[in-house]
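Reading through the structure tokens given below for one structure.
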Amino acid sequence: MFEGSSTRYLYGLNYNCFEYCLSGITNDSKDPSVDTFKSTALPILKRFGVPSEGLELKIESRGLPPNGGGEVVLSLPVVQSLSVSF
């Protein structure tokens, strides 16, 4: 996922949430798509105690090989500790 990606900038930095803008390839036949990441990784983070409020993966634009051009904004709330819940 995000083959050839780079973190362009970190913005909206405050004490409650980090927001990262990632750019690159979002859909490729060789790798899982950004949609797969969104539907699997975010629920796993929630099971480790990351709150739903502030947790988001927003697909701004899609990028295909070879040029990429996709952009995704990942928002992660700041947590003090993680715990596992099944």
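Numbering (our numbering), first residue to last: 319 to 404.
For glycine and all other residues, C-beta sits at the position ideal for the given N, C-alpha and C.
Element boundaries [alpha helix (DSSP H), containing residue i]
| i | result |
| --- | --- |
| residue 352 | 352-365 |
Close beta carbons around residue i, own chain, < 8 Å, minus the five adjacent residues each side
| i | result |
| --- | --- |
| residue 368 | 394, 395, 397 and 400 |
| residue 404 | 365 |
Contacting residues, own chain, Cβ-Cβ under 7 Å from residue i (five flanking each side not counted)
| i | result |
| --- | --- |
| residue 356 | 375 |
| residue 360 | 373 and 375 |
| residue 370 | 364 |
Nonlocal neighbours in the same chain, by C-beta distance under 6 Å from residue i, ignoring five residues either side
| i | result |
| --- | --- |
| residue 336 | 394 |
| residue 392 | 338 and 375 |
Unbroken beta strand (DSSP E) run spanning residue i, endpoints
| i | result |
| --- | --- |
| residue 376 | 374-379 |
| residue 389 | 388-395 |
| residue 336 | 335-343 |
Euclidean distance between Cα positions of residue i and residue j
| i | j | result |
| --- | --- | --- |
| residue 347 | residue 340 | 19 Å |
| residue 402 | residue 334 | 21 Å |
| residue 353 | residue 377 | 9 Å |
Exposure of residue i, with buried meaning 16 or more beta-carbon neighbours within 10 Å
| i | result |
| --- | --- |
| residue 390 | buried |
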